[in-house]
Amino acid sequence: MNIGELVLVAIESIKSNKLRSFLTTLGIVIGIAAVIAVVGIGQGGRAMLMTEMEKFGTNLFGLWVNYRDGESFRIDDLSINDISVIKENVPQVKYLAPVTYNQMPLRGSKGQKTVQVIGTTAEYAQIRNLEMAWGRFIRDDDAAVGRRIIVLDEKTAVKLFGPGNPVGKRVMIMSNSAVVVGVIKSDSSMLGFNSQQVAYMPWSFLCRLTDWKVIHELQGSAESKEEVETAMNLAKKILERRHNAPNHYYAYSMEQEMQSANKVTGIMTLVIGCIAGISLLVGGIGVMNIMLVSVTERTREIGIRMALGARRKDILIQFIIESIVLCLLGGFIGIIIGYGGALLVAKLAKWPPLVSVWTVVLAVGFSMAVGLFFGIYPANKASKMDPIEALRRD
Amino acid sequence: MIKISKLSKTYSTGTFTVPALKGISLEIEPGEFVAITGASGSGKSTMMNLLGLLDRPSAGSYILDGMDVSNLDDNEYASLRNRKIGFVFQAFNLLPRLTALKNVELSMLYAGIKLEERRKRAVEGLTLLGLEDRLHHFPNELSGGQNQRVAIARALANQPAIILADEPTGALDSQTGLEIMSIFQELNRHGTTVVLVTHELNIAQHSRRILRMADGLLVADEEVTHPLDAREELQALREKGAEA
Ligand SMILES: Nc1ncnc2c1ncn2[C@@H]1O[C@H](COP(=O)(O)OP(=O)(O)OP(=O)(O)O)[C@@H](O)[C@H]1O
Ligand SMILES: [Mg+2]
């Protein structure tokens, strides 16, 4: 009796009691569906997060002042001269720009809105991969000539001027005014990094408006992903030396952020996946339970098969295969349902559904293993039956 | 074909033991048609189980088809049951969820015969027993006599050396019983060895040798000089039915 024949026997027997077979394997269906959905959603979410973060540029790094207990804010912690010194001394730094934040009410011809205004320089556009919808970004000569200009993002532009190209129009900022020179494409990011409405103006202009020469942060990008680490550490050292303030600065890179985000989402997927895996285990116990009932119910069948010449091994394998086929069946249904679930969530959340081949292979392997493991005991019980006893049962 | 000597079987149920067979010696030649009769509890089924290698004797020896089977293991028993013995039971013992065809295929399945060949032989066997238009029926869609014929087709599928039938007509009315007996007689005419258990003397009269058991012992071994012919009896019954 070869395995192929026994598989047919098992399928026959599963087919002959469809409802019970389905109920038996329901636990596996749910378990596998849960695992696939969780892992698929998790992996999709992670991929989404990563592409979002990559949009900022993987070479990105930033330098902050690291205020410790008792330290108070000093206006000269970061100075505009630091930038040129760093760029001269650290070849790994490709771009470096000052960043100063300020909430300001902007008024246009069609409306007004208080937005986050970022005072910076031309290089900021390269560092953050900003794309222009209209016009241009801040240029190096803007600061030199002291131009009173502003760059809006699309949402703000619509709010202030309505739809259409607002380049050349005037924005009122309290009692001052600035000319719109460009509009940045609003990012459709769902992570919220860019969804805040922002406007940009030359750092020197912002300082003049607020009458306050402060830099909150330096943002830069390295020549390559590999050099980010060196670039930001060297830059930090220079700041410490120039301001004679060891450990006063804090450096971060997008690369680090991505790694930790990767780790967090990975651990989360693993934890939820484990919980889903436990439900698979429960499903397996369910299969064993019904298989045991089925073995008892089919005692007479077992006796008949033995009388007709089935060896104990044939009976054993028949029931194990039955259990495996049942679980595989449940596994396949589960994969379809789980994938559907992941697809649905992905669609709602607008991120790519990611059910990798490996997840599917693992799910199939796992349901087979569950079938094997939880099938052995009932199958063994079946094969140990005494043919006469079994035949006498009704 | 069969040679047993001093075969005994004792069942032990916890505290006390039941001697079901108390040393039976017997020889059955190829081509014989033997009926075993006796009161209920006399050990007929026990005897059949031992002859059919479904059970092991407590003592004694058993030579089947020239082979001493006393010391074989479970796997060899299974294989001998499969190849040498065809069982027919009182309760038919068909698998309820399989069609007639699949039921007949079952014993060939365990003989390792390929699907195509199995199918072909099962159809042939069922056709021979007049069930060619019932191939795809399930046991609960068939009459008792038809079910027993399916069971006989299954028992014959592997061309066994011997047919062992324990009360094959016990669950059937007398006419259907006669039909089954005529099949056995026909098989026997073509050389198949048949051993059947019955407590109906009338049924036993169709065999050519009657073994009588009592209390686990063989008490009589008689030749039937003029066995009844089931085919003729059926013919007569039909004529009577036609007259009435
Ligand atoms: N598994 C068993 N355990 C204990 N005793 C048993 C077992 N099987 C049979 N016996 C006993 O062995 C004796 C013979 O039983 P057996 O079934 O062979 O009788 P039988 O001649 O076939 O009877 P019947 O005509 O009613 O079928 C009986 O006394 C019975 O109680
Ligand atoms: Mg009996």
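For the record, the sequence lines run as chains R and B.
Note that the first sequence covers residues 357 to 750 in our numbering.
Note that the second sequence covers residues 11 to 254 in our numbering.
For glycine and all other residues, C-beta sits at the position ideal for the given N, C-alpha and C.
* Kindly list, in the order they appear in chain B, the residues whose Cβ is closer than 7 angstroms to that of R/Ala-666. => Residues of chain B passing the Cβ test: Ala-88, Tyr-120.
Next item on the list: Could you say if the stretch 590-605 of chain R and the stretch 357-377 of chain R meet the contact criterion of at least three C-beta pairs nearer than 8 angstroms?
Entry: No, they do not touch.
* Asked: Quick one: is B/Asp-65 near chain R, going by C-beta distance under 9 angstroms?
  -> Chain R, which has a Cβ nearer than 9 angstroms to the Cβ of B/Asp-65, makes this yes.
- request: Could you please go through the chain and list the residues whose beta-carbon is closer than 7 angstroms to any non-hydrogen atom of ligand 2?
  value: Listed by chain position, these are B/Lys-54, B/Ser-55, B/Asp-176, B/Glu-177, B/Val-207.
* Contact set for R/Arg-495: own chain, Cβ-Cβ below 7 angstroms, skip 5 residues either direction -> Hits under 7 angstroms: Ala-478.
- [ ] Drop a sphere of 10 angstroms on the beta-carbon of B/Ser-55, count the other beta-carbons inside from all chains shown, and report buried for 16 or more, exposed for fewer.
- [x] B/Ser-55 is buried by the Cβ-count criterion.
| Given 8 angstroms as the limit, is there contact between the stretch 206-215 of chain B and the stretch 34-49 of chain B, that is, 3 or more CB pairs closer than that? | Touching, yes, given that three or more Cβ pairs across the two stretches are closer than 8 angstroms.
Give me the residue from B/Lys-112, B/Thr-203, B/Glu-189, B/Asn-85 with the minimum Cα distance to B/Arg-159. Each of B/Lys-112, B/Thr-203, B/Glu-189, B/Asn-85 was checked against the Cα of B/Arg-159, and the nearest Cα belongs to B/Glu-189.
**Asked** Per DSSP, R/Arg-463 is paired with what?
**Response** Beta-bridge partners assigned by DSSP to R/Arg-463: R/Gln-468, R/Met-528.
Point to revise | Counterpart residues of B/Glu-37 in DSSP-defined beta bridges | key: Paired residue(s): B/Lys-13.
task = State the DSSP-derived secondary structure class of R/Trp-568, mapped to helix, strand or coil.
result = Correct three-state label for R/Trp-568: coil.
- Query: What residues in the stretch 393-413 of chain R bring their beta carbon closer than 7 angstroms to a beta carbon of chain B?
  - Reply: Along the stretch 393-413 of chain R, none of the residues has a CB nearer than 7 angstroms to a CB of chain B.
Exercise for the section: Compare the C-alpha of R/Asn-458 against each of R/Val-620, R/Glu-657, R/Thr-476 and name the closest. Expected result: Just measuring C-alpha positions, the residue of R/Val-620, R/Glu-657, R/Thr-476 sitting nearest R/Asn-458 is R/Thr-476.
query: Quick one: what's got a C-beta closer than 6 angstroms to R/Ser-542's C-beta in the same chain, skipping five residues either side?
result: Within the same chain, R/Ser-542 has close Cβ partners Asp-509, Glu-510, Lys-511.
Measuring only the C-alpha atoms, how far is R/Met-610 from R/Val-446? Their Cα atoms are separated by approximately 19 angstroms.
message: What residue range does the beta strand (DSSP E) around R/Gln-575 cover?
response: Its beta strand (DSSP E) spans residues 573-578.
What in chain R is Cβ-close to B/Asp-84, meaning under 8 angstroms?
-> Within 8 angstroms Cβ-Cβ: Arg-667, Arg-668.
Suppose the cutoff is 6 angstroms on Cβ atoms and the five residues either side in sequence are ignored; what does the same chain contact list for B/Lys-124 look like? Taken in chain order, the list of residues that qualify is empty.
- Three-state secondary structure (DSSP) at R/Phe-417? R/Phe-417 falls in the strand class under three-state DSSP.
* Asked: Under three-state DSSP, which class holds B/Arg-219?
  -> B/Arg-219 falls in the strand class under three-state DSSP.
Worksheet entry | Test item: CB-CB of R/Met-406 and R/Met-460 under 9 angstroms | Result no, Cβ atoms of R/Met-406 and R/Met-460 do not sit closer than 9 angstroms.
* **Chain-ordered chain B contacts of R/Glu-657 [CB-CB under 8 angstroms]** => The contacting residues are Leu-105.
*Consider the Cβ of B/Ser-22: report whether some Cβ of chain R lies at a distance smaller than 9 angstroms.*
No, B/Ser-22 does not count as interfacial toward chain R.
Next on the checklist: Let me see if you follow: with CB-CB separation under 9 angstroms, is B/Arg-222 close to chain R or not?
Outcome noted: Output row for B/Arg-222: interface = no.
Q. Name the DSSP bridge partner or partners of R/Ile-671?
A. Secondary-structure assignment with DSSP links R/Ile-671 through no beta bridge to anything.
Could you name the residues of the same chain whose beta carbon sits closer than 7 angstroms to that of R/Gly-548, not counting the 5 residues immediately before and after it, in chain order?
At R/Gly-548 the pLDDT is 48, less than 50, meaning the model places this residue with poor confidence; the figure from the coordinates comes in the next sentence. No residues qualify anywhere along the chain.
**Reference B/Asp-83; option with closest CA among B/Asp-75, B/Arg-66, B/Ile-34, B/Ala-165** = Per the Cα distances, B/Arg-66.
Confirm the yes/no value for this check: CB of B/Ser-52, any heavy atom of ligand 4, distance under 8 angstroms.
-> Judged by which ligands are present, ligand 4 is missing from the structure shown, whose ligands are ligand 1 and ligand 2.
Which bits of chain R does B/Ser-117 rub up against, with CB to CB less than 7 angstroms? The answer, in chain order, is Leu-664, Gly-665.
Check: Tell me, which residues are paired with R/Ser-791 by DSSP?
Finding: Since the displayed chain R opens at 357 and closes at 750, residue 791 of chain R lies outside it and no answer follows.
For R/Ser-712, which three-state DSSP category applies?
Of the three classes helix, strand and coil, the one that applies to R/Ser-712 here is coil, per DSSP.
query = If you drop the 5 nearest sequence neighbours on each side, which residues of the same chain put their C-beta closer than 6 angstroms to that of B/Met-191?
reply = The beta carbon of B/Met-191 sits closer than 6 angstroms to those of His-216, Ala-240, all from its chain and outside the five residues before and after it, given in chain order.
Inset, instruction - Say yes only if the C-beta of B/Met-57 is nearer than 8 angstroms to one or more non-hydrogen atoms of ligand 1, and no if none qualify. - result: Yes, the Cβ of B/Met-57 comes within 8 angstroms of a heavy atom of ligand 1.
**OP:** Please name the residues in the stretch 146-168 of chain B whose beta-carbon is closer than 7 angstroms to at least one beta-carbon of chain R, in chain order.
**Re:** Of all residues in the stretch 146-168 of chain B, none has a Cβ within less than 7 angstroms of some Cβ in chain R.
Would you grab the beta carbon distance between R/Arg-749 and R/Arg-656 for me? Rounded to a whole angstrom, and I think it's under 8 angstroms.
-> Their Cβ separation, rounded to whole angstroms, is 5 angstroms, which keeps R/Arg-749 and R/Arg-656 in contact under 8 angstroms.
Am I right that R/Arg-463 and R/Val-527 are in contact with their C-beta atoms under 8 angstroms? What's the rounded C-beta distance?
Sure, about 7 angstroms apart at Cβ, within 8 angstroms.
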